[in-house]
Structures are given as C-alpha cells and as structure tokens.
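Engineer: In the UniProt record's numbering, the protein residues as written are 1 to 995. Sharing a structure here in structure tokens format.
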Amino acid sequence: MSSFSAPRDPSRRGFPGGNVRTRALVPTIVVLVVLMAVFGIFTNFWTERLWFGAVDYSGVFTTTLVTKIGMFAVFGVLLGAAVFANLALAYRLRPRYRAMSTEQQTLDRYRAVVDPHRKLIAGVAALLFALIAGSSAAGRWETFLQWRNATSFGTRDPQFNLDVSFFVFGYPWYRFLIGFGFSVIVLSLIAALVAHYLYGGIRLQTQGQKASAAAQAHVSVLLGLFVLLKAVAYWFDRYGLVTAGHRMSNQAFTGLTYTDAHAVLPAKTVLTVIAAICALLFFANVVRRTWLLPGLGVGLLVLSTVLLGWAWPAIIQQVTVRPNEPVKESKYIQRNIDATRQAYGVNGTEVTEYTAKTSTTAGQLADDADTLPGVRLIDPAIVGETFEQLQQVRGFYTFNKPLDVDRYKINGESRDAVVAVRELSLAGVPADQRNWNNDHTVYTHGYGLVGAYGNQRTPEGSPQWLQGGIPTQGELGKYEPRIYFGEESPPYSIVGAPKGAKPVELDIPGGSGDAQTTNTYQGKGGVPIGSFGRRLLYAAKFQDFNILLNQSRINSASKVLYDRDPRERVQKVAPWLSLDSDPYPAVVGGRIKWIIDGYTMSADYPLSQRLLLDDATSTSLTRQPAIAGQPSERLNYVRNSVKATVDAYDGTVSLYQWDDKDPVLRTWMKAFPNTVQPKSKMPDALLDHVRYPEDLMKIQREILAQYHVTDAGSFYQGTERWRVPSDPTQQGAKQPAYYLSVRMPGEQSPAFSLTSTYIYFNRENLAAFVAVDADARSKDYGKIRVLQLADKTQIDGPSQIANKLNSDTRVADKLLPLTRGDSRATKGNLLTLPVGGGLLYVQPVYVESGSGDASYPLLRLVLASFGGQTGVGTTLQEALNMVFQGDAGADTGENAGGQPNQPGQPGKRPNQPSQPSETVAAALAEASKAFDEAQAALQKGDLKGYADAVARAQEAVGRAAKAQAAERDSAGKPTPKPTPKATPTRTPTPAPRPG
C-alpha cells in the first residue's frame, strides 16, 4: 500500500522558506509605509509650492519654508547634540572599577544588554529629542522673523525707558530662548544621571560615596548652568511685569502696579544676583567636590524666592497699597490708560456731551431731511432667504448669510445697499445629477452680484433691487459676473479647455440669444494640471483617482482651482495677518472683488490692557455658521494695517498697505518684501467700497466702554463704566455694530458710518452713542465720535425700547392681521440714530407666511421710538409721523411703490407710484373692515362675533395675497432688460422667482 504525504505548509514553523518569507514581509511593509509617508509629504509640499506660484506669492512660501527648516535644524541639532554629548561624556567618565554589590550585579545585566548598542541607543534618543525640539522651534518662526526684522515704534515705556519694539518683538524671542535653554539643560541632566547610574558613576544603594568625582563634577556643571540660566530668567522677568495681569478694584488690570514697582521689581533684581552667586558655587564644586556650599546656595535661593518673591510683595500690597490704593495706584493706572488708548488706536476719540431731548413736537426732524433716507430698513441678517427666493434662479445657487452692507454711486449719489453674490452650492444639485464630472467640471462657479437699496422695498415688502437677475442687469454697469472664488465654492474644480473645444462649465441656466449656457474658464488663476505628473500629485492630494483616470475632461489646458475661500487665500499668502471675520463683495473696475480687512495684533504692548479677541468681537451675528469667529487669544495692540482683495473670477490676491505708520506691518514687510503694495497702488475705484472694519470697531468699542475715562481717579472709582448692550432680538449676545449713513451733531452732511450704543454697566439706560466714519474717501475716516448722554437725562436703552415696542397695543394691533395662521413676525436690527436733538430708534418688522422652502420674510412694518413716544406704520414715514404728532417734518426717502427717488432729492417721492389692482384693493378693504368689526366686537365682549370677523378678515387677506402673487408672477415672466440711460432713475424689475 502506497502512501502520499501532503506538501508542507511553508508558513508552518520549521519550513525553511516560511521564516524567510516572514522576515522579508515585515521590512517590505515598513519600506512601503515609509515610501507612502514620504510621498504624502512631498505631495503636500509640491502642491503648496505650485499654489503659491499660481498666485504670485512664491516668496512667502520660500521665506516661510526656509525659516521653518532653519529653526528646525538649528534648535533640533543643538538639543540633540547636547543630549548625545552628555551621554558620551558620562560614558567616558565612567569608573574603571566598580565595587561589587547587589546593586552593581543588577546593573551589570542591564549594561550587558545596552553596551553593544550604546551608540545606537544614544543616537536614537538624541534624534528623538532633536525632532521634538525642532518641531517646537519651527512653530515659532513668526517670533524669530519679528525679532530679526524689528522696527522701532518711536515710543518708550515709562518704567524701563525702552522702545516698545523691545517688548513686542524682542522680549517674546528672548523668553523662547530661555525656555529652550532650560529644556536643553534639563534633558542633558536627565541623560547624564541615567548614564552615570547605569555605568556606576552614581550609586544609590551602595555604602560610602554616592557619586564618583567625575560624575559629581559633570552634574555640578549642569546644575550650575541651570541656576545661571535661572538668574537670566529672573532678570527678564522684570520686563514681563509691564504685561502682567492683576485684579485692581475688582476688575482686570494689565501692567505694572505700585507693588510691582516697589517690591517685585527690586526682588527680581536681588534674586538675579543670588542665583548668579549660587551658580558660581556649583561651578566651584567641580574643584572642591563637596555639596555643602552649593546646597547652602540653593537653600538661600529658595528662601529668598519665598521671602522676596512672595512674602515681601504681599506685605507691601496689604499694608501699604490696599489702605491707600486710589492714591498709590494713580500713577500706574494713568500709565495703563495712556498705553491702552494708544495701543488700540482710540486716543483720538472725540467725546461730546449730548443733552438728548425727551419730548416730541410736530416737524421736529426738519433739520434731518438728509439723514432719514440713510436709515437702512433692509436687514442683511434676515433678508438672505428673500434673496434666495427672488434671485436664486436655480437650486444649486446660494447666498452666504448674513448678507453684507456696502454703498454704490447711483447717478452720482451714494446709496447704501445690501449685497451678496450668487454662489454655487453643490448641495443644491439634484441627487441624480451628482457624479464626478458634474461636481468637478460642470458645476464650477456662481454667477453675479445681487444688490438691493438699503431703505426701499416693493409694496409687498420684498427688496427693491439695484442689481440682479441672470444675465445680470441693473445699475452697476457691465462687469465680469462669474464667481469661481467665493465663500461657498466647491473644494476643487477642474476648469479650462483648449481653444475651440466645446465649453462644459455651466454658466447661465436656460440661456438663450446672446447668453451662453456654458462657459470655459479663461482666468490666470489656478494650477495647470495637464501633465501626468501633476495629475498624479493632485489625485494623491485630493485622494481622488478620477483625476488620474479621466481623459475626456482633463486636458493640456486644464487647471485645478482649490483653496478658493477669499479669507483662506489671504491667510495663506499673509499668515502673519489676523483677518476680519466677514469678507464682503463689491463690483470694482468691472470685476467682483472680495474685500478683506487685515489686522496686525500683539499681546505684548507694555502697560496696555489685554482682552480676549473672541469675546470682544462676539455678537448675535457671529453665532451664524457662515461667520468665521475670531480665535480665543489675548491681545493688547491692534491696527487695521492691510486692505486685501481677492478677484472672484481668477482668484488674484492683492495686499495694500493701509496703515503706513504701523511698526508691526513694517516689520513684516521687511520679512516678506514685495508682498504688500503701497497704498498708492490701490485702485481708485476700490476706495468707494473700502470701509471701516467691523471687528476693529467691536474691539475698540469694548475698550472705550471703560477707557473713555481718561482720569485715573474716575477710572478707579468705576462709576462711569459702560457696556455694550445685548441684542434685544437675540438674548444673551451682544448687539452688533451697524453700518448707517448718519450725520453727527455739528457735521454738515451724513457720512457712511459704523455705529453702536452703550448702556451703563449696571443699568439698561442708554449711556452713549458711538459712530466711526467708515467712508475711506472721507478726510475723517476712522475718527471715533462718542455722544455721551448727560447724567440728568434718562434715555431708554435698546432692551427697554424693545420691551416698550413689544407691549405697545398699537404695534400689536398692526401685527395681528399679519401673523394669523402659520404666519410669523421677525423683528430686525434695532437701529439708533442721533436726530431731532435726541435719539431715534428704528426697527423693521418682517413677516413670513407659511413654512418650508417657499417661505421667505417680507418687510411689512416699521417701528420707531423717540423720547418715550412710539410709532408703527407700513413705512418709516408713517411710523415717524405717528411719533412726531402727525408730522415728522422730513421725508424718509422711502419708496414702497417700487421706484427709487430722484438722484440728489432724497425727500422727493416718485410722481407715479404703482397702485394695487382693484381686486387686491377690494380684498384689503374688506379685510380692514372685518378687523374693525372684530375690534368692536371684542370691546363689547362678543367673543363669537370677534371670531367670525377675524375669520372673514383672514380669508380676505388670503385672497389679496394670492391675487397679488398671481399678478406679480404674470408681470415678471421675462427677465427685464437693463434700464435705458434716458431714464436712469428706474431700477430693474425683480427677476422671476424660480418655479
């Protein structure tokens, strides 16, 4: 009987080939992982290089990279070499003969394992520490460049008489060096102790001498260096006192105090000397080889630290300062006030006492005829849904909300406008059309800027457009409407095609005549992706191998567009800037430009009050996801030093030096030459749209709430402290600052301004009104004016006014017919204006009928309050007339009939306002009559009659709404053509809503 044996499994133990294959597999996997990691690093590096080259900022990429690599190498090598050298020195200093003991026998076993590989182990340990130190140092590249290119402030601090640049640029770098020095010494000391113990230089359990003479000398030197560096740290701690935080009179205080100047500062100087002497004792221990003197030195240093560094300042504070704090701290409070006002740019604030009128008379606003048309009734935080319903055109377009406020010259007159760009949103593309080709080569860009007049709306309450529709038309003339770079752009798109090739990028949905439905990108922005190598790189970058495999849509002329958010693009080319949280679009020179304000900030300006950036800039608007909130970091110096633009079509980034006196900006311009253009290079047309930035205003108003007081005594008492009021429409969040065209008392004409209010610190009454001139063409641009209300005048603050309007029965009566059924009212921004010798509050009320995708808010009512009197109407004019005894005295310049005012005549109404049709008018009249009957029934207590009358009124309102909607839809089917130049005052009819 024959038998057959099965072949042996190579993977089984004992088969010669199994172990070989297993041993070969592991290094192969390791090699593949390493290669993939290297390729990933190379991909990121090379694509970043290509991106910076495409935007013409290769110098930023090179400077940043070289600086990071240089710091990584220098500090990594220093730390790694120090650790390795101390390990090698400890090995060289090992004792030749070691006394036999149980401890040594145990260590011998460890030495037997370590000794054959000691160089490798030491090298790996040094390399590991070097990588950690190098990575940490590379992250401080900005600190190094600021120190290396420091520019003088021309201002000296009053305590040390040093230029401010030492504290802003030098001090952070020196602190980093001291911290790095401590790391080197501590890690070297640990490495030396471990090596000495392992090789017998230090014996913990053996009787007799615990350390050899060589080990003792080695450790003494390292400890001496540590204490000597501590002496240096004590000396530099003195300079850190000018930015130290304290509590004074139960409030935060930044800077030097009386105790710091008279106790802490001398103590730091004495401790510096003691630490230096202690370091010398450690160095002397190399020769004397006794730990007695160094031990005494350390004891003296610790005792001195406790007595001089803690006990003595505490005694001075409790015994000398606290009983006489207002007097003792007066000098230092004044220094803090002066430095803070200088550092935040509010030292030129003009504070005027304002005795606001609290009574109303007929015709009281006659002198404010030029101001009332500047009351912006269209709330950009609310009308985003209205823009989408009336101007979206297709579901794959969107408007980034909240919308933005700008101004345009229409027929020579500057008009406030609410604007947004129609951006592409892939989320709106039908699911059955979502595929790689459509997502990345067809749906590539948005189309057109949409704008509405700030103080006008149609009879139904929708915005009155100054620009809109597809193709775009209106008052802004001809411009490039395509939005390839925006806040909602897809992560990446592949665009471009050879000349003569059929366009595939969707351009104008349903285009006809001269309008093309598709387009081919012709801009200079983007990275060419035609070669195989680049396609491979970007396939790896985006982890999408369709880029590598696609042959029909990617060709020799193709470009890839990515990092398309305007804020992100500016941040990459200027990483040293802090950016405003809300970029805004404008039509400039025939192109749509995103305008972004750039700030230079510091937390090291001496004696200036520090605050939290995110807390200072947080308002009810920053809660919206589209707004990029500021980071949670401290600052005590800020300048709006740069105005940046991003071309919405080709992505070109331009940086302009707005503040040519800012030392921080000048320092960065030295570090990155030729990246920021001088202000003179800024296009003249851009100045029409440059405005004072919101985040800067919010920071400054936070500071002025306390630092409008310039006298140290009053400041200490805190009786004049203000605070920013809460937004009455969203409890728990601060009220935003609002762009308005207002005329401040004593000024000749209204100015485009950024406005806000203050209430008292512990009350809700209005304390002050603040406005900063936001028009870049104004000679007073950036001037902050504060109207401080007289102490004897009690003016309601925003929350009190909101409560008064909410409880007004006339307001409730007006809202009642508008909020029946599933309709709901939303109150817009509560605006404050200094008019009529007092302060006027204006608030639009929007009504949204129904729910779902077809619902959108319409402006239906306007509320007003002045001097304790309230008014409500379908227009601001009607509301003001109610407040001012039937006659406000001036025309608000509104146009509920759908036609704007004549240029230069803000108070003149159009001659032929559009009227509702007979059907609509009859239904509204029937509804009005029914509501009157309902009110009469309610007064009589006839609840059944009341309910019947309300039902009839609702039915009549519904008929009127349906009739009005039908008339509007039938009248607006074709998109209107641009208004002829012969009738320049007409605006285009709203584009038809998408079906």
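Glycine included, each C-beta is placed from N, C-alpha and C at the ideal position.
Can you check the segment 489–527 for any beta strand (DSSP E) of at least 3 residues that lies completely inside it and give the ranges in chain order?
Structural biologist: Counting whole runs of 3 or more residues, the segment 489–527 contains the beta strand (DSSP E) stretches 492–495.
Engineer: For leucine 128, count neighbouring C-beta atoms within 10 Å of its own C-beta (all shown protein chains included) and say buried if the count is 16 or more, exposed if not.
Structural biologist: On the sequence shown, position 128 is the one that residue 128 refers to. Leucine 128 comes out exposed.
Engineer: Please look up how many angstroms separate the CB atoms of tyrosine 707 and valine 227, rounded, as I've assumed it's under 8 Å.
Structural biologist: Taking the first residue of the sequence shown as position 1, residue 707 is located at position 707. Taking the first residue of the sequence shown as position 1, residue 227 is located at position 227. Incorrect: roughly 42 Å between the Cβ atoms, too far for contact.
Engineer: In whole angstroms, what separates the C-alpha of alanine 122 from that of tyrosine 91?
Structural biologist: Position 122 of the sequence shown holds residue 122. Position 91 of the sequence shown holds residue 91. Each residue's alpha carbon lies about 11 Å from the other.
Engineer: Report all residues from its chain with a CB closer than 8 Å to the CB of serine 726; omit the five preceding and five following residues, and keep chain order.
Structural biologist: Against the sequence shown, residue 726 aligns to sequence position 726. So the qualifying residues of the chain are Gly732, Ala733, Lys734, Gln735, Pro798, Ser799.
Engineer: Assuming the contact rule is C-beta atoms closer than 8 Å, valine 242 and proline 745 should be a hit. Round their C-beta distance to whole Å, please.
Structural biologist: Sequence index remark: in the sequence shown, residue 242 carries index 242 (1-based). Sequence index remark: in the sequence shown, residue 745 carries index 745 (1-based). Going by Cβ atoms, the distance from valine 242 to proline 745 rounds to 39 Å, so no, they are not a contact pair.
Engineer: Where does valine 26 land, buried or exposed, given buried means 16+ other C-beta within 10 angstroms?
Structural biologist: Indexing the sequence shown from 1 puts residue 26 at position 26. Valine 26 should be labelled exposed.
Engineer: Suppose the cutoff is 7 Å on Cβ atoms and the five residues either side in sequence are ignored; what does the same chain contact list for serine 556 look like?
Structural biologist: Here residue 556 refers to the residue found at position 556 when the sequence shown is read from its first residue. Closer than 7 Å at Cβ, skipping near neighbours: Pro498, Gly530.
Engineer: Which same chain residues, not among the five before or five after glycine 589, have their C-beta less than 7 Å away from its C-beta?
Structural biologist: The residue you call residue 589 lines up with position 589 of the sequence shown. Excluding sequence neighbours, glycine 589 sits near Pro683, Ala685.
Engineer: How would you write the range of the alpha helix (DSSP H) that leucine 766 sits in, first residue to last?
Structural biologist: For the purposes of this step, residue 766 is taken as residue 766 along the sequence shown, with counting starting at 1. Run containing leucine 766: none in the alpha helix (DSSP H); it sits in the beta strand (DSSP E), 766–773.
Engineer: Taking C-beta to C-beta, are serine 578 and tyrosine 599 nearer than 8 Å?
Structural biologist: Position 578 of the sequence shown, counting from 1, holds the residue named residue 578. Position 599 of the sequence shown, counting from 1, holds the residue named residue 599. Yes, the pair counts as a contact, with Cβ atoms nearer than the cut-off.
Engineer: The beta strand (DSSP E) spanning isoleucine 596 covers which residue range?
Structural biologist: Looking up residue 596 in the sequence shown gives position 596. Per DSSP, isoleucine 596 belongs to the beta strand (DSSP E) from 591–602.
Engineer: Using a threshold of 8 Å, state whether the C-beta atoms of glutamate 488 and serine 425 are closer than that.
Structural biologist: Within the sequence shown, residue 488 is the residue found at index 488, counting from 1. Within the sequence shown, residue 425 is the residue found at index 425, counting from 1. Yes, Cβ-Cβ distance for glutamate 488 and serine 425 is below 8 Å.
Engineer: Alpha carbon to alpha carbon, how far is alanine 261 from asparagine 149?
Structural biologist: For the purposes of this step, residue 261 is identified with residue 261 of the sequence shown, where counting begins at 1. For the purposes of this step, residue 149 is identified with residue 149 of the sequence shown, where counting begins at 1. Spanning the two alpha carbons is a distance of roughly 31 Å.
Engineer: Determine the contact status of tyrosine 521 and isoleucine 483, defining contact as a CB-CB distance below 8 Å.
Structural biologist: Within the sequence shown, residue 521 is the residue found at index 521, counting from 1. Within the sequence shown, residue 483 is the residue found at index 483, counting from 1. Cβ atoms of tyrosine 521 and isoleucine 483: not closer than 8 Å.
Engineer: With lysine 827 and threonine 729 assumed to form a contact (beta carbons below 8 Å), what rounded beta-carbon distance in angstroms separates them?
Structural biologist: Taking the sequence shown and counting its residues from 1, the one referred to as residue 827 is at position 827. Taking the sequence shown and counting its residues from 1, the one referred to as residue 729 is at position 729. With 8 Å as the limit, lysine 827 and threonine 729 qualify as a contact, their Cβ atoms being about 5 Å apart.
Engineer: Rank Glu48, Phe39, Tyr846, Ser865 by C-alpha distance to the C-alpha of glutamate 460 and give the top, closest one.
Structural biologist: If you number the sequence shown from 1, residue 460 lands on position 460. Nearest of Glu48, Phe39, Tyr846, Ser865 to glutamate 460, Cα basis: Tyr846.
Engineer: Quick one, which of Met697, Phe72, Ile592, Ala311 has its alpha-carbon nearest valine 421's?
Structural biologist: Taking the sequence shown and counting its residues from 1, one reaches residue 421 at position 421. The shortest Cα separation from valine 421 among Met697, Phe72, Ile592, Ala311 belongs to Ile592.
Engineer: Need the endpoints of the beta strand (DSSP E) that arginine 415 sits in, please.
Structural biologist: Along the sequence shown, read from residue 1 onward, the residue named residue 415 stands at position 415. Run containing arginine 415: 413–421, per the beta strand (DSSP E) assignment.
Engineer: Could you have a look at tyrosine 344 and say whether DSSP puts it in helix, strand or coil?
Structural biologist: Within the sequence shown, the letter at position 344 stands for residue 344. Reduced to three states, the DSSP call for tyrosine 344 is coil.
Engineer: What are the boundary residues of the beta strand (DSSP E) that includes lysine 478?
Structural biologist: Working through the sequence shown from its first residue, we reach residue 478 at position 478. No beta strand (DSSP E) contains lysine 478, which DSSP labels as neither H nor E.
Engineer: Closest by CA to arginine 680, which one among Lys643, Asp647, Thr652, Gln700?
Structural biologist: Stepping through the sequence shown from its first residue, residue 680 is reached at position 680. According to the sequence shown, residue 680 is serine rather than arginine. Measuring from the Cα of serine 680, the nearest candidate turns out to be Lys643.
Engineer: Using the beta-carbon count (16 or more within 10 Å), is glutamate 894 buried or exposed?
Structural biologist: Working through the sequence shown from its first residue, we reach residue 894 at position 894. Buried, because 16 or more other Cβ atoms sit within 10 Å of the Cβ of glutamate 894.
Engineer: For a test of the three-state rule: what should DSSP assign to glutamine 392, helix, strand or coil?
Structural biologist: What you label residue 392 is simply residue 392 of the sequence shown in a count that begins at 1. Coil.
Engineer: Give the list of continuous beta strand (DSSP E) stretches no shorter than 3 residues that lie fully inside the segment 744–816.
Structural biologist: Taking only runs of at least 3 residues, the beta strand (DSSP E) segments lying wholly in the segment 744–816 are 751–760, 766–773, 784–789.
Engineer: Buried or exposed: isoleucine 202, going by 16 or more other Cβ atoms within 10 Å of its Cβ?
Structural biologist: To locate residue 202, count along the sequence shown from 1; it is residue 202. With 16 or more Cβ atoms within 10 Å of its Cβ, isoleucine 202 is classed as buried.
Engineer: Please state whether the Cβ-Cβ distance between glycine 309 and leucine 265 is less than 8 Å.
Structural biologist: Here residue 309 refers to the residue found at position 309 when the sequence shown is read from its first residue. Here residue 265 refers to the residue found at position 265 when the sequence shown is read from its first residue. No, the Cβ-Cβ distance between glycine 309 and leucine 265 is not below 8 Å.
Engineer: Taking the CB atoms as reference points, tell me whether serine 756 and valine 770 lie closer together than 8 Å.
Structural biologist: As a working note, residue 756 is residue 756 in the sequence shown. As a working note, residue 770 is residue 770 in the sequence shown. Yes, Cβ-Cβ distance for serine 756 and valine 770 is below 8 Å.
Engineer: What are the start and end residues of the alpha helix (DSSP H) that includes asparagine 546?
Structural biologist: Counted from its first residue, the sequence shown places residue 546 at position 546. Unbroken alpha helix (DSSP H) run through asparagine 546: 546–549.
Engineer: Report the residue from Pro693, Ala737, Gly718 whose alpha carbon sits nearest the alpha carbon of alanine 619.
Structural biologist: Walking along the sequence shown from the start, residue 619 turns up at place 619. Alanine is not the amino acid found at residue 619; the sequence shown has threonine there. Of Pro693, Ala737, Gly718, the residue nearest in Cα terms is Ala737.
Engineer: Tell me the DSSP bridge mates of alanine 864?
Structural biologist: Sequence index remark: in the sequence shown, residue 864 carries index 864 (1-based). Answer is Val842, Gly871, bridged to alanine 864.
Engineer: Using the rule of at least 16 other Cβ atoms within 10 Å of the residue's Cβ for burial, across every protein chain shown, is proline 834 buried or exposed?
Structural biologist: Indexing the sequence shown from 1 puts residue 834 at position 834. Its Cβ being crowded by 16 or more others within 10 Å, proline 834 is buried.
Engineer: Taking all protein chains shown into account, do 16 or more other C-beta atoms lie within 10 angstroms of the C-beta of isoleucine 784, making it buried, or fewer, making it exposed?
Structural biologist: The count along the sequence shown starts at 1 and reaches residue 784 at position 784. Isoleucine 784 is buried by the Cβ-count criterion.
Engineer: Leaving aside the five residues before and after valine 709 along the sequence, list all residues of the same chain whose C-beta is less than 7 Å from its C-beta, in chain order.
Structural biologist: Numbered from its first residue, the sequence shown carries residue 709 at position 709. Once the five neighbours on either side are set aside, the close Cβ partners of valine 709 are Phe715, Glu720.
Engineer: Quick one, which of Ala343, Leu222, Glu955 has its alpha-carbon nearest aspartate 181's?
Structural biologist: Here residue 181 is taken as the residue at index 181 of the sequence shown, counted from 1. The sequence shown places glycine at residue 181, rather than the aspartate named in the question. Nearest C-alpha to glycine 181: Leu222.
Engineer: Verify whether the separation of the beta carbon atoms of serine 851 and glycine 374 is less than 8 Å.
Structural biologist: In the sequence shown, the residue the question calls residue 851 occupies position 851. In the sequence shown, the residue the question calls residue 374 occupies position 374. Cβ atoms of serine 851 and glycine 374: not closer than 8 Å.
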